[in-house]
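Just so we're on the same page, my numbering is the position in the sequence shown counted from 1, plus 76. We put the beta carbon where it would ideally sit given N, CA and C, even for glycine. In this text the structure is predicted, and so the values were computed from the model without any measurement.
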Amino acid sequence: MRADAPSLHTRRRLVALLGAALCGTFVRASAVRAAGGAAASASASHVPARGAPDLETVATFGDDFRLVGIGVTRGGRVFATAPASARRSRYSLVEVDLRSGALLPFPDADWNRYKPGKRGDRQWISVQALWVDERDRLWALDSSLPSVDHRIQPPKLVQFDLDTREMVRTYTFGQAVTPKDSINDVRIDLLHGYAFISNAGNQGGIVVTKLSNGESRLVLAGDRSSVSDPREHLMFGDRVARKPDGSVLVLQTDGVALSPQRNWVYYRPLTDHHYWRAPTDALIDETLAPAALSRRVEALGEHALTGGLLMGGDGTLYGGDLEHRTVVAFKLVERGGKAALEARTLVNESQRVSWADGFALQNDYLYFADSHLHELDNFSNGYPRQGRFTIFRVKLPPQPPGTFAG
Numbered sequence: 077m078r079a080d081a082p083s084l085h086t087r088r089r090l091v092a093l094l095g096a097a098l099c100g101t102f103v104r105a106s107a108v109r110a111a112g113g114a115a116a117s118a119s120a121s122h123v124p125a126r127g128a129p130d131l132e133t134v135a136t137f138g139d140d141f142r143l144v145g146i147g148v149t150r151g152g153r154v155f156a157t158a159p160a161s162a163r164r165s166r167y168s169l170v171e172v173d174l175r176s177g178a179l180l181p182f183p184d185a186d187w188n189r190y191k192p193g194k195r196g197d198r199q200w201i202s203v204q205a206l207w208v209d210e211r212d213r214l215w216a217l218d219s220s221l222p223s224v225d226h227r228i229q230p231p232k233l234v235q236f237d238l239d240t241r242e243m244v245r246t247y248t249f250g251q252a253v254t255p256k257d258s259i260n261d262v263r264i265d266l267l268h269g270y271a272f273i274s275n276a277g278n279q280g281g282i283v284v285t286k287l288s289n290g291e292s293r294l295v296l297a298g299d300r301s302s303v304s305d306p307r308e309h310l311m312f313g314d315r316v317a318r319k320p321d322g323s324v325l326v327l328q329t330d331g332v333a334l335s336p337q338r339n340w341v342y343y344r345p346l347t348d349h350h351y352w353r354a355p356t357d358a359l360i361d362e363t364l365a366p367a368a369l370s371r372r373v374e375a376l377g378e379h380a381l382t383g384g385l386l387m388g389g390d391g392t393l394y395g396g397d398l399e400h401r402t403v404v405a406f407k408l409v410e411r412g413g414k415a416a417l418e419a420r421t422l423v424n425e426s427q428r429v430s431w432a433d434g435f436a437l438q439n440d441y442l443y444f445a446d447s448h449l450h451e452l453d454n455f456s457n458g459y460p461r462q463g464r465f466t467i468f469r470v471k472l473p474p475q476p477p478g479t480f481a482g
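Pasting the structure below:
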C-alpha cells in the first residue's frame with residue numbers, strides 16, 4: 077500500500093472483508109484424495125452467492141508436495157509443480173491421477189530425483205510454472221536456484237510431447253538470465269513463435285525467447301512497468317509481507333498473460349497494484365531501443381494485487397487477489413481514449429481460498445492453484461499453516477471458438 081495514499085486500498089480491503097463476512101461460506105466441492113497426504117476434506121454444500129460460480133475441488137496435496145504451478149490439457153489431464161525453496165518436495169513435476177489421487181512423477185521418477193552437481197538438462201531443479209499450448213503440448217519452466225552452479229544447472233524451458241512423455245526441446249537463456257534473476261511464469265505464442273517469461277527478481281522484465289533458434293533477450297528490465305513501486309507492499313490485514321530475514325518482500329514482474337489474438341502481453345510486478353501491457357510486435361522487435369519499447373507500454377491502472385495472470389478467449393483477464401483471498405476478473409474497457417481495466421470478484425471464498433496463484437483454462441473451466449505461500453517458510457509474517465494445497469476450478473461462460481485455451 078502506498079504510504080501517501082491509504083484511502084483507496086484501505087477502502088478496497090474493508091469492502092472485501094465485509095463481502096467475505098457476508099458470503100464467504102463453503103460451496104459444493106468434489107474432493108479428490110491425493111497421494112502422500114491425508115484425505116481431502118469431506119464435501120459440503122450451500123447455495124452460492126447470486127451469480128457466483130460453484131467452486132469445485134479438483135485435487136488436494138499434503139506437505140510433501142507444495143503446489144504452485146498447474147497445467148491442464150484439452151482431455152482434462154492435470155499437471156502440477158512444486159518448486160524447491162527452503163525445502164524440496166517429494167516431486168517437482170507430476171501428473172495427477174484424478175481417479176486415485178496418485179501423483180505420477182513427470183516425465184519419470186529420474187527427472188524428479190535431484191542430483192546436486194550433475195548436469196541439469198534431464199533433471200528438475202525447481203519447476204515454477206507450466207503451460208499447455210493450443211496444440212496440447214506441455215511446457216515446463218524450471219527457474220533453477222541461485223544457490224546452484226548455473227553453468228551446469230541453468231534455468232530452462234522444456235517442451236514435452238504428452239502422448240509419448242518425451243522431451244521435444246529444451247531452451248536455456250544464456251546471459252539473458254543471471255543468478256540474480258528469478259524467472260517465474262511463461263506464456264507460449266505459437267502465432268509469432270515466441271515464449272514470454274516473467275522475471276520476478278533483480279530488475280524484473282520479460283524474457284523473450286525465439287522458439288525457432290532459442291535466442292533470448294531480457295526486455296523492460298528496470299522499466300517502471302516491471303518493478304514494484306517502493307511505496308507499495310503486499311499487505312495481509314495491517315501486516316506488510318516480509319521475507320524470513322525480516323526485510324520487506326519485493327517481487328518484480330510476476331504475472332504474465334497473452335491476449336487471445338496474441339497482439340498484447342499483459343504483466344505486472346507482484347508487490348504493486350499497477351497493471352501494464354505491451355504490444356507483442358514491440359516486444360519481439362530486436363531493433364527497438366529500450367526507451368522506444370518503454371514508450372509502447374500502456375498503463376492499465378491500479379487494481380487488486382494479484383499473483384498469476386491468465387487471459388481467456390473472450391478477453392477477460394483473471395488473477396488471484398492475494399490480499400483478499402479471492403479470484404478477480406477484469407474486463408478491458410476504454411476510458412478517456414485509453415485502455416483500462418474494470419474489475420469484479422469472480423470467486424469470493426475466503427474461508428477456502430488462501431493464495432490463488434497458478435492458472436489454467438480448458439473446456440470453459442478456469443483452474444487455479446491455492447499454494448498457501450504466505451503460510452510457508454518463505455515469509456516471516458507469523459501466519460500459521462492452515463488448509464491443504466489445492467487445485468480448484470470454476471465454470472466460465474463458453475469461450476469464443478477458434479481462440480486459444482491455456
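So what does DSSP say about residue i, is it helix, strand or coil?
i	result
Ser288	coil
Arg315	strand
Pro230	coil
Leu369	helix
Glu378	strand
Ala252	helix
His268	coil
His450	helix
Trp200	coil
Gln462	coil
Tyr167	coil
Pro474	coil
Phe444	strand
Leu385	strand
His350	strand
Gln235	strand
Gly322	coil
Asp397	strand
Buried or exposed: which applies to residue i, given that a residue is buried once 16 or more other Cβ atoms fall within 10 Å of its Cβ?
i	result
Asn260	buried
Thr240	exposed
Asn289	exposed
Thr363	exposed
Ile146	buried
Arg150	exposed
Val470	buried
Ala297	buried
Val409	exposed
Asp357	exposed
Glu210	exposed
Glu308	buried
Leu517	No answer is possible for residue 517: the residues shown for the chain start at 77 and end at 482.
Asp299	buried
Glu242	exposed
Thr157	buried
Could you give the first and the last residue of the continuous alpha helix (DSSP H) run that contains residue i?
i	result
Thr356	Thr356 to Leu359
How would you write the range of the beta strand (DSSP E) that residue i sits in, first residue to last?
i	result
Ala128	No beta strand (DSSP E) contains Ala128, which DSSP labels as neither H nor E.
Pro345	Trp340 to Pro345
Arg420	Lys414 to Val423
Pro192	First-last for Pro192: undefined, no H or E at that position.
Leu206	Val203 to Val208
Gln438	Ala432 to Gln438
Phe406	Thr402 to Arg411
Thr329	Thr329 to Leu334
Ala156	Val154 to Thr157
Gly147	Ile146 to Val148
Val244	Glu242 to Tyr247
Please name the residue in the options whose C-alpha comes closest to that of residue i.
i	options	result
Ile264	Met387, Asn424 and Gly396	Met387
Gly413	Ala375, His379, Trp340 and Gly395	Ala375
Gly277	Arg163, Phe249 and Pro222	Pro222
His226	Leu238, Gln235 and Ser258	Ser258
Asp186	Ser168, Val172, Leu174 and Asp173	Ser168
Arg163	Thr285, Leu452 and Asp397	Leu452
Leu214	Arg198, Gln235 and Lys194	Gln235
Asn275	Val332, Leu266, Leu287 and Gly322	Val332
Ile228	Asp212, Arg428, Phe249 and Val244	Phe249
Pro183	Ser335, Gly193, Ser176 and Val172	Val172
Leu369	Tyr443, Ala419 and Leu294	Leu294
Trp352	Arg315, Asp139 and Leu417	Leu417
Leu398	Lys286, Asp433 and Asn188	Asp433
Tyr247	Thr133, Gly280 and Leu217	Leu217
Leu327	Tyr190, Ala415, Leu310 and Tyr342	Leu310
Val134	Phe444, Gln475, Pro476 and His450	Phe444
What are the partner residues of residue i, as DSSP defines its beta bridges?
i	result
Ser274	Ile282
Ala135	Ile467
Val172	Val154 and Leu179
Val262	Ile273
Val295	Ile282
Trp215	Trp207 and Gln235
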